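For reference, the structure discussed in these notes is given below.
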Amino acid sequence: MSENKFEFSFEEFNDSNELNDADARLLADARKITKQAYAPYSKFYVGAVAVLENGELVSGTNQENASYPVGICAERVLLGTVATIHPDIPIKTMAISYYSDSIKSDHPISPCGMCRQALLEYESRTDKPIRIILSGQEGKVYIIKTVRNLLPFAFTSDELK
Ligand code: THU
1 MSENKFEFSF EEFNDSNELN DADARLLADA RKITKQAYAP YSKFYVGAVA
51 VLENGELVSG TNQENASYPV GICAERVLLG TVATIHPDIP IKTMAISYYS
101 DSIKSDHPIS PCGMCRQALL EYESRTDKPI RIILSGQEGK VYIIKTVRNL
151 LPFAFTSDEL K
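For the sequence shown, position 101 (counting from the first letter as 1) is numbered 101 according to the working numbering, and the numbering increases by one without interruption.
Rendered as structure tokens:
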């Protein structure tokens, strides 16, 4: 028997003023785009903005539905858009933010399990790590170097060859 472990490090900033200009701008865009979310049921509005390797920006917001499971997260809306417009261009960095009618948006949230799986597929497909910036409308910011860190023991296409 051997004891194994997963470990990863991430950057933590006290607020967006500590970020470099490009990251601060991307996060500001993600914070702003939350306004386009359609979330009348959860009242939890998520915005994601990605910068691609060609410098283009693509955004996504969560879109809910009266039939609850039909709703889709901001991250997967974004991925679907990138994959359609620029299927061959890797995502360099994605910033994700939110606001909510019931909790304070002063701490980072991280992508749900389904979005982690979708993000990892995109990372593998383009063979480039996706950097993730997480933060609320204010407060701490986390930066994670690659989606792989968010999904240990991931099920990937390697198993289907
Ligand atoms: N949501 C996202 O869009 N992204 C996340 O990372 C977490 C959750 C959405 C799904 C749903 O519309 C609402 O937030 C509450 O779960």
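Glycine included, each C-beta is placed from N, C-alpha and C at the ideal position. The model shown is predicted, which means the values in this text are computed figures rather than measured ones.
Euclidean distance between Cα positions of residue i and residue j
i    : j    : result
K161 : A154 : 15 Å
A39  : S2   : 46 Å
S100 : R116 : 21 Å
E11  : K140 : 10 Å
S9   : S16  : 19 Å
Paired residues, beta bridge with residue i - DSSP
i    : result
L134 : I96 and Y142
I72  : Q63
N12  : Here the sequence assigns Glu to residue 12, which means Asn is not the residue at that position. In the DSSP output, where bridge partners are listed per residue, E12 has Y142.
7 Å CB neighbourhood of residue i in its chain, flanking five on each side removed
i   : result
I33 : G47, V49, S59 and T61
T81 : V58 and G60
Spatial neighbours of residue i in its chain, beta-carbon cut-off 6 Å, leaving aside the 5 residues before and after
i    : result
N65  : G71
L134 : I96, P108, S110 and Y142
Q36  : T61
Pick from the options that is closest to residue i, judged by C-alpha positions
i    : options                : result
T156 : E121, N54 and G139     : E121
I130 : N54, K5, K92 and A83   : K92
E53  : R76, M94 and N20       : M94
G113 : Y98, E75, N17 and Q137 : E75
Q) If we count Cβ pairs, one from each stretch, closer than 8 Å, do we get three or more for the segment 15-32 versus the segment 75-89? A) The answer is no - the segment 75-89 does not touch the segment 15-32, with fewer than three Cβ pairs under 8 Å.
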